Amino acid sequence: MAPLRVWIAVAVGGCALIALAYLPPRGAAPRGPRFATYSPEPTAARRRAQAVAKEWRETDASLRLLEDRQHVKWDSSRVGPAIIFRGPTLPPTAVRTVEAVADSMWRALGLGETKVRAALVIALERAPGSAPGPIPDQNGVAFLTPDSTDRTTCMAFLPANHFWTAVLLGHPPRHFEPDWLARWFQSGLGPCAYYAAYGTPSRSVRSWLAARNWDVALYLGTHGIAGERFLSVNLLGDPRYSWYWDGIYSLSPSTVACLAGRLDGCRSAVLYGADDDARIAVPEIVRLEQGWWRKQHLLPGERFLGDVARDVGRDRFQSFWTSSLPVDTALAAALRQPVGEWTKQWERRFIQPIRLGAAAPLGATLLALLLAAVAVSAVALAASRRQVR
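Numbering (our numbering), first residue to last: -12 to 376.
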């Protein structure tokens, strides 16, 4: 009977320890931020309507880019990209300011007279009902790359939200810094900056980029997509919270493996689509939807080729860009080392290697060890009392 009492006491004590460790005291505030959102499931009819509306906006945006390419006006007195405005009319002083900032940004990228010209289409925010018909796409960034109908022009569509519309109209907020506008223009050039700097890529390189929606050639500048410290990898959040890991494991396996510092994962993440002979559409319109960083195969992939170009120099990158060799061979030749090794080192510039696999929290581990020690002690005590003396 005595051993039974001991086991009952051990079980009750273990439950008490678990409750003490995991149950908050009455009236205690919850630790950490909590989210409780609810969005009703759309009906089938609403989903069809949303799909039709999305298709219409994409088609409308494509037609507008094609029309703009036919009617773009080039100013020989400027060195930067041609600027086309849609929406409210800007005063002449604001137009001159925008063109001056664009020219300065162009020079900062080291671009001058280029074989492929770039045009930046800026869509200012329109008030609802200000124009008849449906509202055009005012969110998605898009690029129209050179093709057989026009081999020397690359178009970039950059929608301006409420903040940037106010800045362009001459009403910036008090905390606005002058270089923000140049950074925004840099982020809006996308693949057009590479076309302007290095010309048309080879068939193998272009097929590789088309297969992955140009996700490694979206930014040529020296900073992040919105400044010195802002990169797509920062959008994952804080590793202390669960949604960070939800974001990590929503990525492709090779992307996660590269974040963990594995060579094979980094190589696979970079060369995704290199073995596919992707069909390049004519016209080729590259679209970036909201949340585009969640679909990247490499983080922060938007600046990968830009960093490669800065590390290897213009001549070696130009050789890669126009090489007819397979992408892995041409890229390794430009880097002068295996693609996986270079990418692993590059990844470490932005994020420390994450730990993969199951890992128990420290508190849970200590509690488990304590319970195990109590159980072993109880068994030893019961065994010692049952010894025949």
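Each residue gets a CB set at the ideal place from its N, CA and C atoms; glycine is no exception.
It should be emphasised that the depicted structure is a prediction, and the values quoted were computed from it without experimental measurement.
Give the secondary structure of Phe22 by DSSP, where H, G and I count as helix, E and B as strand, and everything else as coil.
At Phe22, the pLDDT of 48 sits below 50, so the modelled position is not reliable; the number obtained from the coordinates is stated separately. Residue state, collapsed to three classes: coil.
Can you tell me which of the three DSSP states Val257 falls into?
helix
Alpha carbon to alpha carbon, how far is Trp230 from Leu223? Give it in angstroms, no decimals.
8 Å
Buried or exposed: where does Glu289 fall if 16 or more other Cβ atoms within 10 Å of its Cβ makes it buried?
Glu289 is buried by the Cβ-count criterion.
Which partner residues does Ala143 have in the DSSP bridge list?
Partner(s): Leu107, Phe130.
According to DSSP, is Leu275 helix, strand or coil?
strand
Check whether the Cβ atoms of Ala48 and Ala129 lie closer than 9 Å to each other.
yes
Which residue comes first and which comes last in the alpha helix (DSSP H) that contains Ala184?
178 to 185
Return no unless some Cβ of chain D is closer than 9 Å to the Cβ of Ala360.
Protein chain content of the structure displayed is limited to a single chain, and chain D is not contained in it.
Taking 9 Å as the cut-off, decide whether the C-beta atoms of Ala38 and Arg65 are in contact.
no
Smallest Cα separation from Val257: which of Val269, Val192, Val273?
Comparing Cα positions, the closest option is Val192.
In angstroms with no decimal places, state the Cα-to-Cα distance between Met92 and Thr30.
47 Å
Cβ of Thr187 within 9 Å of Cβ of Val103?
yes
Which residue's Cα is closest to the Cα of Ala317: Ala367, Leu250, Ala261, Ala183?
Residue Ala261 is the option with its Cα nearest to Ala317.
Smallest Cα separation from Arg281: which of Tyr228, Gln305, Lys41, Asn221?
Asn221
Helix, strand or coil for Asp137? Go by DSSP, reduced to three states.
strand
Going by CA-CA distance only, name the one from Glu271, Trp329, Leu312 that's closest to Thr136.
Sorting Glu271, Trp329, Leu312 by C-alpha distance to the C-alpha of Thr136 places Glu271 at the top.
If we ignore side chains and look at the alpha-carbon of each, how far apart do Tyr185 and Val203 end up?
15 Å
Can you give me the Cβ contacts of Pro133 inside the same chain, cut-off strictly under 7 Å, excluding the 5 residues immediately before and after it?
Val103, Thr139, Thr140, Cys141, Tyr182, Thr187
Below 8 Å on the Cβ atoms is my contact criterion, and I expect Ser241 with Tyr259 to pass it. Report the Cβ-Cβ distance as a whole number of Å.
7 Å
Going straight from the alpha carbon of Thr152 to that of Leu111, what length do you get?
Near 5 Å, if we compare the C-alpha coordinates of Leu111 and Thr152.
With a cut-off of 8 Å, do at least 3 Cβ pairs link the segment 305 to 312 to the segment 194 to 203?
Inter-segment contact for the segment 305 to 312 and the segment 194 to 203 is absent: fewer than three beta-carbon pairs are separated by less than 8 Å.
Apart from the five residues on each side of it in sequence, which residues of its chain come closer than 7 Å, Cβ to Cβ, to Ile267?
Arg193, Ser194, Ala197
Report the three-state DSSP secondary structure of Ile235 (helix, strand or coil).
helix
Assign Phe72 to one of three DSSP states: helix, strand, or coil.
The DSSP-derived three-state label of Phe72 is strand.
Is the CB-CB distance between Leu205 and Phe337 below 9 Å?
Not a contact, by the Cβ cut-off of 9 Å.
Run the CB neighbour count on Glu215, radius 10 Å, all protein chains shown included, and call it buried at 16 or more, exposed below.
The predicted model places Glu215 with a pLDDT of 47, which falls under 50 and marks its position as unreliable, so this point remains unresolved.
Tell me the start and end of each unbroken beta strand (DSSP E) in the segment 264 to 314 that is at least 3 residues and wholly inside, in chain order.
272 to 275
Using the three-state DSSP reduction, which class does Gly67 fall into: helix, strand or coil?
coil
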